[in-house]
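**Student:** Chains as they are written, first to last, in the numbering used here: chain F, 1 to 617; chain V, 618 to 1453. Here a beta-carbon is modelled for each residue, glycine too, at the ideal position from N, C-alpha and C. Everything numeric in this text was worked out from a predicted model, so none of it was measured.
#1: Between the Cα of residue 697(V) and the Cα atoms of 680(V), 704(V) and 712(V), which residue gives the shortest distance?
#2: Three or more C-beta pairs under 8 Å: does that hold for the region 627-644 of chain V against the region 279-290 of chain F?
#3: According to DSSP, residue 261(F) sits in a beta bridge with which residue or residues?
#4: Leaving aside the five residues before and after residue 274(F) along the sequence, list all residues of the same chain whose C-beta is less than 8 Å from its C-beta, in chain order.
#5: Could you name the residues of chain V that residue 125(F) contacts, counting a contact when the two beta carbons are closer than 8 Å?
#6: Please report the distance separating the alpha-carbon of residue 2(F) from that of residue 292(F).
#7: Per DSSP, residue 912(V) is paired with what?
#8: For chain B, is any of its Cβ atoms less than 8 Å away from the one on residue 609(F)?
#9: Expressed to the nearest angstrom, what Euclidean distance is found between the alpha-carbon atoms of residue 621(V) and residue 841(V)?
#10: Tell me the DSSP secondary structure of residue 975(V) in three-state form.
#11: Determine, for residue 234(F), whether the minimum Cβ-Cβ distance to residues of chain V falls below 8 Å.
#12: Please name the residue in 569(F), 574(F), 30(F) and 589(F) whose C-alpha comes closest to that of residue 596(F).
#13: Establish whether the CB of residue 364(F) and some CB of chain V are separated by less than 8 Å.
#14: Between the region 427-438 of chain F and chain V, which residues of the former have CB atoms less than 7 Å from a CB of the latter, in chain order?
#15: Using the Cα positions of residue 1204(V) and residue 126(F), report the straight-line distance between them to the nearest angstrom.
#16: Where do the N-terminal and C-terminal ends of the beta strand (DSSP E) with residue 1363(V) fall, by residue?
#17: What do you get for residue 1177(V), buried or exposed, if any count of 16 or more other CB atoms within 10 angstroms of its CB means buried?
#18: For the region 159-193 of chain F, which residues have a CB atom closer than 9 Å to at least one CB atom of chain V, in sequence order?
#19: Suppose the cutoff is 6 Å on Cβ atoms and the five residues either side in sequence are ignored; what does the same chain contact list for residue 606(F) look like?
#20: Leaving out five residues before and five after residue 281(F) in sequence, what residues of the same chain have Cβ atoms less than 7 Å from its Cβ?
#21: Which class does residue 884(V) belong to by DSSP, given the choice of helix, strand or coil?
#22: Nearest to residue 1379(V) by alpha carbon, out of 1118(V), 1422(V), 1348(V) and 716(V)?
#23: Express the C-alpha separation of residue 362(F) and residue 433(F) in angstroms, rounding to a whole number.
#24: Does the CB of residue 1295(V) have a neighbour CB from chain F at under 8 Å?
#25: Between residue 1149(V) and residue 1155(V), which are expected to be in contact by the criterion C-beta below 8 Å, what is the C-beta distance as a whole number of angstroms?
#26: In whole angstroms, give me the CA-to-CA distance for residue 685(V) and residue 704(V).
#27: Which runs of the alpha helix (DSSP H) at least 4 residues long sit entirely within the region 1345-1425 of chain V? Give them in chain order.
#28: For the region 730-763 of chain V, list the beta strand (DSSP E) runs that are entirely contained and at least 3 residues long, ordered along the chain.
#29: In the DSSP assignment, find the unbroken alpha helix (DSSP H) run with residue 170(F) in it and report its ends.
#30: Decide if residue 756(V) is buried, meaning its Cβ has at least 16 other Cβ atoms within 10 Å, or exposed.
#31: Answer with yes or no whether the minimum CB distance from residue 1451(V) to chain F is below 8 Å.
#32: Going along chain F in order, which residues have a C-beta closer than 9 Å to the C-beta of residue 1284(V)?
#33: Using three-state DSSP, classify residue 1264(V) as helix, strand or coil.
#34: Tell me whether residue 1141(V) sits in a helix, a strand or coil according to DSSP, three-state version.
#35: For residue 270(F), does the count of other Cβ atoms within 10 angstroms reach 16, so buried, or fall short, so exposed?
#36: Please check the pair residue 738(V) and residue 946(V), which I expect to be a contact at CB under 8 Å, by giving their CB distance rounded to whole angstroms.
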């Protein structure tokens, strides 16, 4: 259990520097507005802010009261208002309305808007249109990378997924390039770069241009991280759509991990209070079970409980001196462990209860059938029943998408009927949701006679169009074929099982999906790292519709130590799931690598579906 | 040694002045200098000559020629003067030649006689003509001061940023002032003029006394009835006045303090009077030139006098005075302290001894040791070395520089820790200075004047070599020079755009720090738009290309460049520019070809300008998106039910146009549903609006409206399966078991009977559940039995089915104590099955 790292596993770089940088910059910005001030924080920024600077730090820099940015008039009586927001137009309108209300009341205050991670021209323009541009001062808090864990950096930009993959809005790419640039200035250049996907390619090019413009800073530095791999989420939707069964993923699916911490409700804490728990490597218990298949977790926890009991029991035969030692040194640790243990046991129980209620086994079975491509009719019926019973709008949608992607689109009859059923069950506004899903290539209709070559010629024509971004609109005109089945065969994603797959001693990355499926994204990374490039993967790349979009860039750098060459930064554009993280951690242990993850946000199937859903305002 | 100080002339007790030749002039002047307008730029700058045909009454037989020479007399440019009469010439700090015409127009030429631009000094000047003009330099740039025919002054402190200031009238000024000059006080340029025995300093900004009271310099010898000449020092701190009594008064420019006064006994007005002092020196001296005499006057009873063989011209410098004539170019300055210490006759200064020691050493004389010991005993060797290094810097002749440096290097050997940088630095600097002093280059810069001014002369190769030699960082040095060269290149109008662009790119490559966009901006400034665009192609940072392209009105190109840059803010900037520049139709058309920009703009419109979004879709005939737009409006923007239905109708029409039958039908269904829900609310009360069809039917059943529910299901063709699920769930929720049973018997269930069991169990009604368990089909029977908790029967069925999976399922449900017998039974059956 809880596989230890190989002794020669490389050390991870220290990412806490990123936090310090962000904190110092924030303090600097706050000090730019001397004197007492009230701080308005956008809800989405609250958790990340909390990880960087707590309330007492804010108070030290003369933040008086904290407010949430919401569509309500401000009650603040302070003479100085500071807004900490994401660069969104709706925030601008809110701020403008506050300023204008003050103006009507003949009140003058100082206003400062701090955009995180950067400001956009459109925001300033809205302020101008609303006639308050001269009244507010604007600043940027370039806080784009939050270290959620020792090996996980998040940009905390969930909207990246919808903005780019649905709306074709490329504004975050610049932010990402800046973040990569920051990493390379802090941790040295990356001698080996790989990537796949349009967004990956654009980000990479933009990043390289930034490096060129500001060269000299990274040159001559010893690389600390030997490889970087950029991957678009739309290269592999399948993995993100599957139900997660490793512990961390399951906790995310069930309770929603937000910014590295989770709110365990009364049903978990077995008290009447909710508890906010930070989930990372510092939680010793969690650290041992996070990557485990759920079926092992209970056993492990009970074993752990027994050990704990044994340690407690040791105190029985102790004399006074030993007892003193025990109380002063061990007891606190044991108590802490005890607390964590009971929390995770509570979480497990709660998960079990919820999952059995929804007939989790049936669901998993259907998913596996879809992945393996048999009993499609049965699965379709299952999905239809799922919809008819109104089990869950998001779940139903997810299954439909999974069916569509694994089958290269739904056959027209199913496409119509499932959609009709869905609209009847969950409301007609989802007509728009379906448009979105089709545009993103998540839920499509099999085009009769649309052969692979025909699609390809369309793709290549679009690719050769120089003006970048042409393809984004192509989503609507072209149902991209996912070719999942063929890719699966090529990359051997469905392991041949002879006998039971032993989840306790995993053989491959498929363990994160109960041995039924190796995550496509992780397999691609594995293969490319093994081959040190895309050689021999041409067919796969073609099937992924990424013929022009897979790249390798290796610089001969003798300065890279063998240790750094075993550190790999994987960048997920559009989000990654905990299952993928677990799978790659497993791969790392097997091969003696260590993976570091950078994601625009941690995601899961529900978040993806919600991003695509149209909800009534 | 003796001969070395031969050209030193003592002034008072403490200072020496020396004059030495820089060049013998290479020019072959036909004219006398006095017949020309002369202007020489400071810092060893170029000399401009314009034969002045207008001053003399002779008819202008031929057009005058404007000639520009280097300080060594090498011709740089020569052009025929075709414009109006010139009153005054002068060089700006950027080494541009300013030619002030009689009509107040100032023509600006480059160092190489290329015409740059012209500007006028205003209408007043135009009307009254220019009587006299001066070009002066302040920290803000170069200015022009003009005295008009109406005896008024107009002044511009910076020709680069022309702001004209008219000075207030001096009361009672009937004729031109006897002399005047520009002074700079409190960072403002003023005019100081002399009228009779009084001095005036008009202050245009002072409202109370715009024209200050007449002032008299303090301590001025009596009997002065007018001032004939005045001079301000290079730094504007000091003023010298030449009176008609033959006195020279020297004091501060503020007229508060007198330094000294000297009676030179010559009453003829001098031709020129300039200050001659060096920075950080306490000595103040003025050089006065008459036709054949040059006099250095300071705070001393005697003056130094030189005889001038030829007509000469004085150029004040930061640290001395240049004097040039037809044949020679000389430099007159105060001997710097270091040189004085070393070379003064019988000097015992450490530097002097060191120099001596080194010479003896070369002669292999033991005296070297004696001298050296003497310095070392006093512990002054470091000073000695330092002195020699410093003195070398002030020497003009390389031989002397070398011997001083040799002495320094000799002395250094006997020192443990003497930082070498000052020595190395001096050697480098001197090599550079000697190179540019060479007569081909002709820039007699002194060590004190040595900020680099080479690039302005287009001596690019030399400048680059110097920068490389001095190891200036590339960005500061070489790149700047290359960029300057390129900016010059684009002004060559006779070379084709392609050639220029190629030449520039070949030379510049991608040198760091070179901004192609700056060069392109220059090209655009010269009216070469096409060239500018070509040059921009080389600019690696698309972001830099965009602003200039916008300025050149190439907005569409700017848009694609912005898109290439990947910087969405830049794209947005261009978009707004385009939006204002183009009419709406063209704007949309442009967007249509740029999907990236289009998505960006759409995103913006979605939040800020919904109507524009609609127009965009309309323009594109994008009916699909139009449909979506109206659907969104139907539940976001519209409140009234009629409005919502109308919006949906529009959406449905759009979907038909988009050939999306499915969406159109779904939308029409939604319209029907909305109307119906409205009616239901009216008739039954309660909340129906905005429920999904499924929820609507459920609500109806829950409120006992079974008839209506069935009607609705028929109207909307709800499939049987769904209806059964729906009814089943609703009835169980109501716990209407009777109705449920009736329903279950109404016909054969399309969803089987297992769901019935499940749902009853969910409501914890085992009794009802068991009723349905018996009706469950064989393949789900085991599951159903297990659900109702009948393990034993489930085991029987499983065994009967001989189904391995079912048996294990039952087995997993067997709890140890109660179902022991059942478990055994299954195990037995399994064993049997295996035997077979």
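**Tutor:** Short version:
#1: Here residue 697(V) refers to the residue found at position 80 when the second chain is read from its first residue. It is 680(V).
#2: no
#3: By one-based count along the first chain, residue 261(F) stands at place 261. Paired residue(s): 258(F) and 278(F).
#4: On the first chain, residue 274(F) is found 274 positions in, with the first residue counted as 1. Only 263, 264, 265 and 266 meet the Cβ criterion.
#5: The residue you call residue 125(F) lines up with position 125 of the first chain. The answer, in chain order, is 1189 and 1193.
#6: By 1-based counting over the first chain, the position of residue 2(F) is 2. By 1-based counting over the first chain, the position of residue 292(F) is 292. Caution is warranted here: a pLDDT of 46 is assigned to residue 2(F), below 50, making its placement in the model unreliable, and no coordinate value can be reported.
#7: Working through the second chain from its first residue, we reach residue 912(V) at position 295. Bridge partners of residue 912(V): 905(V) and 922(V).
#8: Structure shown: chain B not included; protein chains present are F and V.
#9: Here the question's residue 621(V) lines up with position 4 in the second chain. Here the question's residue 841(V) lines up with position 224 in the second chain. Distance between the alpha carbons of residue 621(V) and residue 841(V) is about 42 Å.
#10: Working through the second chain from its first residue, we reach residue 975(V) at position 358. The answer is helix: DSSP assigns residue 975(V) an H, G or I state.
#11: Working through the first chain from its first residue, we reach residue 234(F) at position 234. Not one chain V Cβ lies under 8 Å of residue 234(F).
#12: Position 596 of the first chain, counting from 1, holds the residue named residue 596(F). The option with the nearest alpha carbon to residue 596(F) is 569(F).
#13: On the first chain, residue 364(F) is found 364 positions in, with the first residue counted as 1. Not flagged as an interface residue toward chain V: residue 364(F), since no C-beta distance is shorter than 8 Å.
#14: 427, 428, 429, 431, 432 and 435
#15: Here residue 1204(V) is taken as the residue at index 587 of the second chain, counted from 1. Here residue 126(F) is taken as the residue at index 126 of the first chain, counted from 1. One C-alpha to the other measures close to 20 Å.
#16: To locate residue 1363(V), count along the second chain from 1; it is residue 746. Where residue 1363(V) is concerned, there is no enclosing beta strand (DSSP E), although the alpha helix (DSSP H) it sits in stretches over 1354-1363.
#17: The residue you call residue 1177(V) lines up with position 560 of the second chain. It counts as buried.
#18: Sequence-ordered contacts of the region 159-193 of chain F with chain V read 163, 167, 168, 169, 170, 171, 172, 173, 174 and 177 [C-beta pairs closer than 9 Å].
#19: What you label residue 606(F) is simply residue 606 of the first chain in a count that begins at 1. Taking residue 606(F) as the centre and dropping the five residues before and after it, the same chain places the C-beta of 394 closer than 6 Å to its C-beta, in chain order.
#20: On the first chain, position 281 is the one that residue 281(F) refers to. Within the same chain, residue 281(F) has close Cβ partners 149, 150 and 287.
#21: As a first step, residue 884(V) is located in the second chain; it is residue number 267 there, counting from the start. In this structure, residue 884(V) counts as coil in the three-state DSSP scheme.
#22: Numbered from 1 along the second chain, position 762 holds the residue referred to as residue 1379(V). Comparing Cα-Cα distances from residue 1379(V) to each of 1118(V), 1422(V), 1348(V) and 716(V), the minimum goes to 1348(V).
#23: Within the first chain, numbered from 1, the residue matching residue 433(F) stands at position 433. Within the first chain, numbered from 1, the residue matching residue 362(F) stands at position 362. Taking the straight line from one Cα to the other gives about 26 Å.
#24: Taking the first residue of the second chain as position 1, residue 1295(V) is located at position 678. No, residue 1295(V) does not count as interfacial toward chain F.
#25: As a first step, residue 1149(V) is located in the second chain; it is residue number 532 there, counting from the start. As a first step, residue 1155(V) is located in the second chain; it is residue number 538 there, counting from the start. About 11 Å; that fails the 8 Å criterion.
#26: Position 68 of the second chain, counted from the first residue, corresponds to residue 685(V). Position 87 of the second chain, counted from the first residue, corresponds to residue 704(V). Their backbone Cα atoms lie some 17 Å apart in a straight line.
#27: 1354-1363, 1371-1379, 1383-1390, 1395-1404 and 1408-1418
#28: Counting whole runs of 3 or more residues, the region 730-763 of chain V contains the beta strand (DSSP E) stretches 732-737 and 747-755.
#29: As a working mapping, residue 170(F) is identified with position 170 in the first chain. Neither: residue 170(F) is in no alpha helix (DSSP H) and is coded neither H nor E.
#30: Start at 1 with the first residue of the second chain, and residue 756(V) comes out as number 139. By the neighbour-count rule (16 or more Cβ atoms within 10 Å), residue 756(V) is not buried but exposed.
#31: Residue numbering aside, residue 1451(V) sits at position 834 when the second chain is read from its first letter. So no, residue 1451(V) is outside the interface.
#32: Numbered from its first residue, the second chain carries residue 1284(V) at position 667. Residues of chain F passing the Cβ test: 428 and 431.
#33: In the second chain, residue 1264(V) corresponds to position 647, counting from 1. Residue state, collapsed to three classes: helix.
#34: Your numbering for residue 1141(V) matches position 524 in the second chain. Three-state DSSP puts residue 1141(V) in a helix.
#35: Taking the first residue of the first chain as 1, we reach residue 270(F) at position 270. Under this definition residue 270(F) is an exposed residue.
#36: Taking the second chain and counting its residues from 1, one reaches residue 738(V) at position 121. Taking the second chain and counting its residues from 1, one reaches residue 946(V) at position 329. Their Cβ separation, rounded to whole angstroms, is 32 Å, which puts residue 738(V) and residue 946(V) out of contact at 8 Å.
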